[in-house]
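Heads up, the thing below is written out as structure tokens.
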Amino acid sequence: SPRLHVGSGAVEGAMQADAKIRTESATESGPRGPSCSLRHFACEQNLLSRPDGSASFLQGDTSVLAGVYGPAEVKVSKEIFNKATLEVILRPKIGLPGVAEKSRERLIRNTCEAVVLGTLHPRTSITVVLQVVSDAGSLLACCLNAACMALVDAGVPMRALFCGVTCALNADGTLVLDPTAKQEKEARAVLTLALDSVERKLLMSTTKGLYSDAELQQCLAAAQAASQHVFRFYRESLQRRYSKS
Amino acid sequence: GVYWVDSQQKRYVPVKGDHVIGIVTAKSGDIFKVDVGGSEPASLSYLAFEGATKRNRPNVQVGDLIYGQFVVANKDMEPEMVCIDSCGRASGMGVIGQDGLLFKVTLGLIRKLLAPDCEILQEVGKLYPLEIVFGMNGRIWVKAKTIQQTLILANILEACEHMTADQRKQIFSRLAES
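From first to last, the protein sequence lines are chains V and P. If you're matching positions, the first sequence starts at 1 in UniProt numbering and goes up one per residue. If you're matching positions, the second sequence starts at 1 in UniProt numbering and goes up one per residue.
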């Protein structure tokens with residue numbers, strides 16, 4: 001049943017209430033077998049008051065908070081005459097953002113640019129700010145999911161939704177979806193794939209490690225199957241949010 | 001069939017014909033720059049007021065609130081607004097008076113409050129005498145007799161977004177008693 005959390009940082013009586021809509025996935029949350037199953041995930045939308053859209057996405061113990069500002073003013077040096085300028089800022093949990101964050105930002109930005117209809121808002125900027133709350137494996141996929149939900153919450157026009165799925169290949173060839181940090185470390189190869197919701201096409205892939213061509217195809221097929229669950233979860237999440245009136 | 005889909009958003013995108021509340025941010029030569037909450041400030045000519053001529057300039061300062069409508073609003077051009085209708089009459093538009101409180105709500109709430117069958121406004125009107133202006137850009141200006149009443153009205157309208165009809169009626173009856 002949908003849980004409506006009414007409460008915010010500074011509540012003054014019953015008059016001012018921020019509605020945070022939280023949905024939990026119905027996928028299995030127990031110990032996972034060697035076959036494909038995703039960790040328990042949950043999503044909360046509209047939880048921050050300042051950004052135009054915000055979302056928090058949890059996958060197992062990995063949690064990312066995303067905020068979207070846009071279409072907003074853009075500096076003349078950064079404006080593009082015929083489409084929106086998309087910026088992604090990723091803040092790690094501790095320390096200053098480094099090179100790893102920069103490269104993840106670029107991957108997320110490329111994925112978002114492929115789906116966001118930037119030509120509807122030329123000479124504006126759409127900024128996605130991501131904050132890592134906890135990292136327990138599959139971080140990039142969780143960031144992509146949080147960014148997508150936040151873009152939807154902000155009402156940014158998109159041609160499709162997108163999701164991130166991480167696959168880890170072990171030394172013996174078994175495939176684990178949505179690996180934990182320990183599984184990622186012990187794996188031979190880790191692949192993060194971003195898929196779109198319309199035709200499950202590949203939007204972005206980033207891989208680390210050694211794998212064969214056949215294994216790549218196998219991972220892609222497994223990711224496409226897993227993305228069904230994620231998109232169904234998105235849909236349920238949004239239905240619950242808008243069905244209360 | 002062509003569909004117009006409005007979704008719940010906080011950020012406003014200028015649309016031609018929309019009536020909005022803007023804040024004057026700059027006066028440069030013959031035009032005012034007005035912040036309407038979109039991606040760029042709208043321009044408002046000093047002649048776009050009722051009875052304004054080159055000799056008789058309107059009394060508009062930086063920081064004033066303006067209620068006007070868009071005559072040009074598309075993705076490729078800077079939005080332009082005016083404070084007169086097509087016949088040259090003000091019809092409620094222009095500089096919004098002194099005092100009162102301007103606050104921001106979501107676009108969906110504005111559309112809900114302005115819907116013809118919305119009872120919230122009638123209930124609010126029965127509570128205290130008030131002046132209220134709704135901007136389609138998510139801004140509401142409200143003014144009541146005292147500051148306390150104004151703040152109560154602002155809080156009620158902001159909270160209407162998340163309350164059900166029953167909760168709202170409860171709060172109104174509690175306020176009417178006190």
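Even for Gly, the Cβ is constructed at its ideal location relative to N, Cα and C.
Can you give the Cα-Cα distance for residue i and residue j, rounded to whole angstroms?
| i | j | result |
| --- | --- | --- |
| Glu50/P | Asn59/P | 12 angstroms |
| Leu144/V | Lys201/V | 15 angstroms |
| Thr207/V | Gln183/V | 15 angstroms |
| Ile171/P | Tyr242/V | 24 angstroms |
| Gln59/V | Pro179/V | 10 angstroms |
| Met93/P | Gln8/P | 26 angstroms |
| Cys43/V | Ser91/P | 46 angstroms |
| Ala42/P | Cys219/V | 50 angstroms |
| Arg91/V | Val142/P | 39 angstroms |
| Ile31/P | Lys83/V | 27 angstroms |
| Thr124/V | Ala150/V | 18 angstroms |
| Glu161/P | Phe103/P | 14 angstroms |
| Ile66/P | Leu157/P | 21 angstroms |
| Gly97/P | Ala144/P | 13 angstroms |
| Leu114/P | Val76/V | 37 angstroms |
| Val133/P | Glu113/V | 38 angstroms |
| Ala100/V | Arg106/V | 10 angstroms |
| Lys78/V | Glu87/V | 10 angstroms |
| Gln167/P | Leu109/P | 16 angstroms |
| Thr174/V | Asp6/P | 47 angstroms |
| Ser86/P | Thr111/V | 45 angstroms |
| Pro2/V | Asn170/V | With a pLDDT of only 38 at Pro2/V, under 50, the local geometry of the prediction cannot be trusted, and the value read off the model is given with reservation. Going from the Cα of Pro2/V to the Cα of Asn170/V covers about 38 angstroms. |
| Arg111/P | Val68/V | 23 angstroms |
| Tyr12/P | Arg89/P | 26 angstroms |
| Leu153/P | Leu107/P | 18 angstroms |
| Ala48/P | Glu40/P | 20 angstroms |
Which term fits residue i, buried or exposed, when burial requires 16 or more other beta carbons within 10 angstroms of its beta carbon?
| i | result |
| --- | --- |
| Lys16/P | exposed |
| Leu96/V | exposed |
| Pro129/P | exposed |
| Phe233/V | buried |
| Val20/P | buried |
| residue 278/V | Since the first residue of chain V shown is 1 and the last is 245, residue 278/V is not available in this structure. |
| Ala73/P | buried |
| Ser63/V | buried |
| Cys83/P | buried |
| Ile147/P | exposed |
| Thr119/V | exposed |
| Cys118/P | exposed |
| Tyr3/P | exposed |
| Met163/P | buried |
| Leu210/V | exposed |
| Gly68/P | buried |
| Lys10/P | buried |
| Gly7/V | Unreliable positioning characterises Gly7/V in this predicted model, as indicated by a pLDDT of 28, which lies under 50. A coordinate reading is not provided. |
| Arg104/V | buried |
| Val190/V | buried |
| Val116/V | buried |
| Ser39/V | It is worth fixing the name first, because residue 39/V is Arg in this sequence and not Ser. Classification for Arg39/V: buried. |
Check the C-beta distance from residue i over to residue j and give it rounded, since I have them as a contact under 8 angstroms.
| i | j | result |
| --- | --- | --- |
| Tyr46/V | Ser54/V | Per the sequence presented here, residue 46/V reads as Asn, with Tyr not at that position. Confirmed, about 6 angstroms. |
| Lys93/V | Asp135/V | 6 angstroms |
| Cys142/V | Ala223/V | With a Cβ gap of about 15 angstroms, Cys142/V and Ala223/V do not count as contacting. |
| Ala146/V | Ala66/V | 4 angstroms |
| Ile80/V | Pro122/V | 7 angstroms |
| Met77/P | Phe70/P | Contact doesn't hold; Cβ gap of about 11 angstroms is too wide. |
| Ile120/P | Gly63/P | Going by Cβ atoms, the distance from Ile120/P to Gly63/P rounds to 30 angstroms, so no, they are not a contact pair. |
| Gly100/P | Thr150/P | 7 angstroms |
| Gly137/V | Ala187/V | With 8 angstroms as the limit, Gly137/V and Ala187/V do not qualify as a contact, their Cβ atoms being about 10 angstroms apart. |
Using a Cβ-based criterion (distance less than 7 angstroms to any ligand heavy atom), does residue i qualify as near the ligand PLP?
| i | result |
| --- | --- |
| Ser197/V | The ligand PLP is absent from the structure shown, which contains no ligands of any kind. |
- Message: With a threshold of 8 angstroms, are at least 3 pairs of Cβ atoms found where one atom belongs to the region 120-135 of chain V and the other to the region 185-197 of chain V?
- Response: The answer is no - the region 185-197 of chain V does not touch the region 120-135 of chain V, with fewer than three Cβ pairs under 8 angstroms.
- Query: With a cut-off of 8 angstroms, do at least 3 Cβ pairs link the region 32-48 of chain P to the region 137-152 of chain P?
  - Reply: The region 32-48 of chain P is in contact with the region 137-152 of chain P.
- Touching or not, the region 16-25 of chain P and the region 161-169 of chain V, by the rule of three or more beta carbon pairs under 8 angstroms? With the cut-off at 8 angstroms, the region 16-25 of chain P and the region 161-169 of chain V do not touch.
- Task: Only counting runs of 3 or more residues, tell me where the beta strand (DSSP E) segments fall wholly within the UniProt domain "Exoribonuclease phosphorolytic" (38-157) of chain V, in order along the chain.
- Result: List check, beta strand (DSSP E) in window: 41-45, 53-59, 62-72, 85-91 and 125-134.
- Message: Report the start-end ranges of each alpha helix (DSSP H) in the region 96-171 of chain P that is 4 residues or longer and not cut off at the edges.
- Response: Complete alpha helix (DSSP H) runs here, min 4: 107-114, 120-127 and 147-159.
- Along the chain, which unbroken stretches of the beta strand (DSSP E) at least 3 residues long are found entirely within the region 152-218 of chain V? Those beta strand (DSSP E) runs which fall completely within the region 152-218 of chain V and span 3+ residues are 162-169, 175-177, 189-196 and 202-209.
- Item | Runs of alpha helix (DSSP H) wholly within the region 19-63 of chain P (minimum 4 residues, chain order) | Fully enclosed alpha helix (DSSP H) runs of 4 or longer: not present.
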